[in-house]
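Engineer:
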Amino acid sequence: METTLHVSREPEKLLAERLVLLLNEPGHKHVALSGGNTPRPLYELLGSDYAGLIPWAKLSLYQVDEREVPPDRPDSNYRMIRETLLKHIDDVTFERMEAERIGAADDYERLLAVTLPQNEKHRPIFDAVLLGMGEDGHTASLFPGTPGLQEKRRFVLRNPSLDGGRHRLTLTFPVLNAARNRWFLVRGKEKAAALRRVLAGKLPASHVREPEWFVGAELFADAADGSGAE
Ligand code: 6PG
Numbered sequence: 006m007e008t009t010l011h012v013s014r015e016p017e018k019l020l021a022e023r024l025v026l027l028l029n030e031p032g033h034k035h036v037a038l039s040g041g042n043t044p045r046p047l048y049e050l051l052g053s054d055y056a057g058l059i060p061w062a063k064l065s066l067y068q069v070d071e072r073e074v075p076p077d078r079p080d081s082n083y084r085m086i087r088e089t090l091l092k093h094i095d096d097v098t099f100e101r102m103e104a105e106r107i108g109a110a111d112d113y114e115r116l117l118a119v120t121l122p123q124n125e126k127h128r129p130i131f132d133a134v135l136l137g138m139g140e141d142g143h144t145a146s147l148f149p150g151t152p153g154l155q156e157k158r159r160f161v162l163r164n165p166s167l168d169g170g171r172h173r174l175t176l177t178f179p180v181l182n183a184a185r186n187r188w189f190l191v192r193g194k195e196k197a198a199a200l201r202r203v204l205a206g207k208l209p210a211s212h213v214r215e216p217e218w219f220v221g222a223e224l225f226a227d228a229a230d231g232s233g234a235e
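Under the numbering used here, the residues of the sequence shown are numbered 6 to 235, in order.
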């Protein structure tokens, strides 16, 4: 199980550059974006400094997960992606998870089946999935102790979160792991312990197959200055 770790003061830039290289390969690309706060600077970079380097008309963007709220609510992942990226770009295709609607998980699963190429196990293949990680080691909306962790068949699922059990729509490990590239972006010292445990194979994000990690140097600051408190 190979894991690659890129540690940088600006991991968003490293990831943006990798994405530009991928998106300039021949053919139409399919990329799934996570929500939360960490990817904001990445999406802002893609919509500004790097926008001229990306063939947007040859790209379809999807969501890794979404909260069950309308797209204009402050906690909507779509709203964050629209505000940081989509509003700056004209000709990209964006497939929104309509998580506020009953039946949205089945519909999104059907969408993936008809728009993405499939592997030998008939799983949709993203060119890249951009993932985050919570302090509890979750990724997407695959939280510790929730049914979504065990899902082996479905590609999109309604799964309970840990904030009062409110459900979210999420891609599942079968489709995350079918992606050609599985890239994590993690920032914040508060995530250092979770990252260590994920790398040790102990938390939900550990189930992502051979990921590449783009990690802020602050997560290793204590280790670097020798005061590494466990
Ligand atoms: C979401 C994300 C989620 C996120 C982690 C980290 O819907 O919140 O998809 O998986 O990546 O919770 O969130 P932060 O980036 O806000 O720390």
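Glycine is no exception: its CB is placed at the ideal position from the N, C-alpha and C atoms.
Just list the residues that DSSP pairs His35 with in beta bridges.
Structural biologist: Numbered from its first residue, the sequence shown carries residue 35 at position 30. DSSP, once it has assigned bridges, lists Ser65 as partnering His35.
Engineer: For Gln123 and Val97, I'd like the C-alpha separation in whole angstroms.
Structural biologist: One-based indexing of the sequence shown puts residue 123 at position 118. One-based indexing of the sequence shown puts residue 97 at position 92. In a straight line, the C-alpha of Gln123 is about 22 angstroms away from that of Val97.
Engineer: Determine the direct distance from the alpha carbon of Lys194 to that of Glu235, and round the result to whole angstroms.
Structural biologist: The sequence position of residue 235 within the sequence shown is 230, counting from 1. The sequence position of residue 194 within the sequence shown is 189, counting from 1. Per-residue confidence for Glu235 stands at a pLDDT of 37, beneath the threshold of 50, marking its modelled position as unreliable; the derived number appears in the next sentence. Those two C-alpha atoms are separated by around 12 angstroms.
Engineer: With DSSP as the reference, label Ala234 as helix, strand or coil.
Structural biologist: The sequence position of residue 234 within the sequence shown is 229, counting from 1. Because the pLDDT at Ala234 is just 43, under 50, the model does not fix this residue reliably, and the value given afterwards should be weighed accordingly. Looking at Ala234 - three-state DSSP - the assignment turns out to be coil, as it is neither helix nor strand.
Engineer: May I ask which residues mark the beginning and end of the beta strand (DSSP E) holding Ala133?
Structural biologist: Taking the sequence shown and counting its residues from 1, the one referred to as residue 133 is at position 128. Start and end: Ala133 to Leu136.
Engineer: Considering only residues of the stretch 148-219, which uninterrupted alpha helix (DSSP H) runs meet the minimum length of 4 residues and lie entirely inside it, listed in chain order?
Structural biologist: If we require 4 residues or more, the alpha helix (DSSP H) runs fully inside the stretch 148-219 come out as 178-181 and 197-204.
Engineer: Might you give, ordered along the chain, the residues of its own chain that have their beta carbon closer than 6 angstroms to the beta carbon of Glu103, omitting 5 neighbours on each side?
Structural biologist: Your numbering for residue 103 matches position 98 in the sequence shown. These residues qualify, in order along the chain: Ala109.
Engineer: Since I believe Val180 is in contact with Leu117 (beta carbons under 8 angstroms), could you give me their beta-carbon distance rounded to a whole number of angstroms?
Structural biologist: Position 112 of the sequence shown, counted from the start, is the residue given in the question as residue 117. Position 175 of the sequence shown, counted from the start, is the residue given in the question as residue 180. Sure, about 7 angstroms apart at Cβ, within 8 angstroms.
Engineer: Which one or two residues does DSSP pair with Arg128 in a beta bridge?
Structural biologist: Within the sequence shown, the letter at position 123 stands for residue 128. Arg128 is not bridged to any residue.
Engineer: Quick check on Glu71: does DSSP put it in helix, strand or coil?
Structural biologist: Walking along the sequence shown from the start, residue 71 turns up at place 66. It is a strand residue.
Engineer: Buried or exposed: where does Gly6 fall if 16 or more other Cβ atoms within 10 Å of its Cβ makes it buried?
Structural biologist: Counting from one through the sequence shown, the residue named residue 6 turns up at place 1. A small correction: the amino acid at residue 6 is Met; Gly does not occupy that position in the sequence shown. Under this definition Met6 is an exposed residue.
Engineer: Within 10 angstroms of the Cβ of Ser39, are there 16 or more other Cβ atoms? Answer buried if so, exposed if not.
Structural biologist: In the sequence shown, counting from the first residue as 1, residue 39 sits at position 34. It is buried - the Cβ of Ser39 has at least 16 other Cβ atoms within 10 Å.
Engineer: With a cut-off of 8 angstroms on the beta carbons, I'd call Leu28 and Pro60 a contact; round off their distance for me.
Structural biologist: In the sequence shown, counting from the first residue as 1, residue 28 sits at position 23. In the sequence shown, counting from the first residue as 1, residue 60 sits at position 55. Between Pro60 and Leu28 the Cβ distance is about 6 angstroms, and since that is below 8 angstroms, they are a contact.
Engineer: Determine the burial state of Ser166: buried for a count of at least 16 other Cβ atoms within 10 Å of its Cβ, exposed for fewer.
Structural biologist: For the purposes of this step, residue 166 is taken as residue 161 along the sequence shown, with counting starting at 1. Ser166 should be labelled buried.
Engineer: For Gly233, I'd like the list of residues in its chain whose CB is within less than 6 angstroms of its CB, leaving aside the five on either flank, ordered along the chain.
Structural biologist: One-based indexing of the sequence shown puts residue 233 at position 228. With a pLDDT of 42 at Gly233, under the threshold of 50, the modelled position of this residue cannot be trusted, and the question is left open.
Engineer: Could you check the C-alpha separation between Gly57 and Lys207 for me, to the nearest Å?
Structural biologist: The residue you call residue 57 lines up with position 52 of the sequence shown. The residue you call residue 207 lines up with position 202 of the sequence shown. Distance between the alpha carbons of Gly57 and Lys207: 40 angstroms.
Engineer: Is there contact between the stretch 212-220 and the stretch 184-204, where contact requires at least three CB pairs shorter than 8 angstroms?
Structural biologist: Cβ pair count under 8 angstroms is three or more, so yes.
Engineer: Going by C-alpha distance, which of Asp111, Ala21 and Lys92 is nearest Val36?
Structural biologist: Locating residue 36 in the sequence shown gives position 31, where the first residue counts as 1. It is Ala21.
Engineer: Which residues in the same chain as Asp77 place their Cβ atom closer than 8 angstroms to its Cβ, once the five residues preceding and following it in sequence are excluded?
Structural biologist: Indexing the sequence shown from 1 puts residue 77 at position 72. The answer, listed in chain order, is Arg84.
Engineer: Give me the residue from Pro44, His93 and Asp70 with the minimum Cα distance to Glu105.
Structural biologist: Indexing the sequence shown from 1 puts residue 105 at position 100. Nearest of Pro44, His93 and Asp70 to Glu105, Cα basis: Asp70.
Engineer: Taking just the CA atoms, how far does Ala198 sit from Leu26?
Structural biologist: On the sequence shown, residue 26 is found 21 positions in, with the first residue counted as 1. On the sequence shown, residue 198 is found 193 positions in, with the first residue counted as 1. Roughly 31 angstroms separates the two Cα atoms.
Engineer: Is any non-hydrogen atom of ligand 1 found closer than 7 angstroms to the C-beta of Ser39, if you look at the structure I gave you?
Structural biologist: Counting from 1 along the sequence shown, the entry for residue 39 is found at position 34. Indeed, a heavy atom of ligand 1 lies less than 7 angstroms from the Cβ.
Engineer: Roughly how many angstroms separate the alpha carbons of Asn42 and Lys126, rounded to a whole number?
Structural biologist: In the sequence shown, residue 42 corresponds to position 37, counting from 1. In the sequence shown, residue 126 corresponds to position 121, counting from 1. Straight-line Cα distance between these residues: approximately 33 angstroms.
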